[in-house]
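*Asks:*
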Amino acid sequence: MRQAENPASAAVRPRAVVVIAAVVALEATALLLAGVWYGSQLVTGAPVLSFWGAVFTLILLLAFSVWLFAVARFLMRGFRWPRAGALVTQLFVLTIGFPTLTGGYPLAGLAMLVPAAIAIVLLFDKRVIAFASRAAGAPPAL
5 MRQAENPASA AVRPRAVVVI AAVVALEATA LLLAGVWYGS QLVTGAPVLS FWGAVFTLIL
65 LLAFSVWLFA VARFLMRGFR WPRAGALVTQ LFVLTIGFPT LTGGYPLAGL AMLVPAAIAI
125 VLLFDKRVIA FASRAAGAPP AL
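So, in structure tokens, the structure goes:
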């Protein structure tokens with residue numbers, strides 16, 4: 005694709021995109037660390053109700069981590085599809101963060117809620133929407 009056809013390459017990357025991508029990358033890192041810890045517990049023989057259920061959970065943790073790293077990377081590159089992925093992820097984090105906050109773990113809850121809320125607000129910023137509007141491989145509309 006030529007430079008003139010790509011609106012994201014001509015535009016300057018807003019700081020809000022960098023903040024959102026950093027939040028998503030940190031969440032991906034947290035999931036990766038959780039997956040490594042979970043896998044090490046599985047290997048050392050920690051008791052589980054279902055071994056294959058635990059393996060499936062480990063695979064989900066690692067796969068979702070890889071997906072979030074892809075969302076962060078492609079958002080930084082100005083693609084359109086990662087905005088939806090980032091929004092859904094932040095809504096899931098809010099869903100987990102509120103019960104964590106009210107369940108007696110206020111620091112952990114705030115550590116989830118504050119970045120998720122910031123990312124959600126920034127996802128609807130006009131500059132972010134304008135920057136992240138590139139369609140992968142789509143021909144020009146006009």
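Counting from 5, one number per residue, gives the positions in the sequence shown under our numbering.
All C-beta atoms in this analysis are idealised placements derived from N, C-alpha and C, irrespective of residue type, glycine included.
1. Where Gly101 and Gly113 are concerned, what is the direct C-alpha to C-alpha distance, given to the nearest angstrom?
2. Specify the secondary structure class of Arg131 as computed by DSSP and reduced to three states.
3. With 16 as the cutoff for other CB atoms within 10 Å, does Gly82 come out buried or exposed?
4. For my contact list, Ala32 and Ser69 are in at a C-beta cut-off of 8 Å; report their separation, rounded to the angstrom.
5. Would a C-beta distance cut-off of 7 Å place Arg87 and Ala136 closer than the cut-off?
6. For Val21, is the classification buried or exposed, using 16 other Cβ atoms within 10 angstroms of its Cβ as the cut-off for buried?
7. By how many angstroms is the C-alpha of Tyr42 removed from the C-alpha of Pro103?
8. Nearest by alpha-carbon distance to Leu35: which of Leu79, Trp71, Leu127, Gln45 is it?
9. Thinking just about the alpha-carbon of each residue, which of Ala67, Val27, Val16 is nearest to the one in Pro214?
10. Just to confirm the assignment, what range does the alpha helix (DSSP H) spanning Thr106 have?
11. Should Phe78 be labelled buried (16 or more other beta-carbon atoms within 10 Å of its own) or exposed?
12. Could you give the C-beta distance for Val23 and Leu117, rounded to a whole number, given that I count them as a contact under 8 Å?
13. Could you give the residue range of the alpha helix (DSSP H) that holds Tyr109?
14. Could you tell me how far apart the beta carbons of Val75 and Gly89 are, in whole angstroms, since I believe they sit closer than 8 Å?
*Replies:* Based on what the coordinates show:
1. Taking the straight line joining both Cα atoms gives about 5 Å.
2. Of the three classes helix, strand and coil, the one that applies to Arg131 here is helix, per DSSP.
3. Gly82 is buried by the Cβ-count criterion.
4. Rounded, the Cβ-Cβ distance is 5 Å, consistent with contact.
5. Contact: yes.
6. Per the 10 Å Cβ criterion, buried.
7. Approximately 22 Å between the Cα atoms of the pair.
8. When only C-alpha atoms are compared, the closest one is Trp71.
9. Since the first and last residues shown for the chain are 5 and 146, residue 214 lies out of range.
10. Segment 85-106, the alpha helix (DSSP H) holding Thr106.
11. So Phe78 counts as buried.
12. Between Val23 and Leu117, the beta carbon gap of about 16 Å keeps them out of contact (Cβ cut-off 8 Å).
13. Premise fails: Tyr109 is in no alpha helix (DSSP H) and is neither H nor E.
14. So it is a contact: roughly 4 Å between Cβ atoms.
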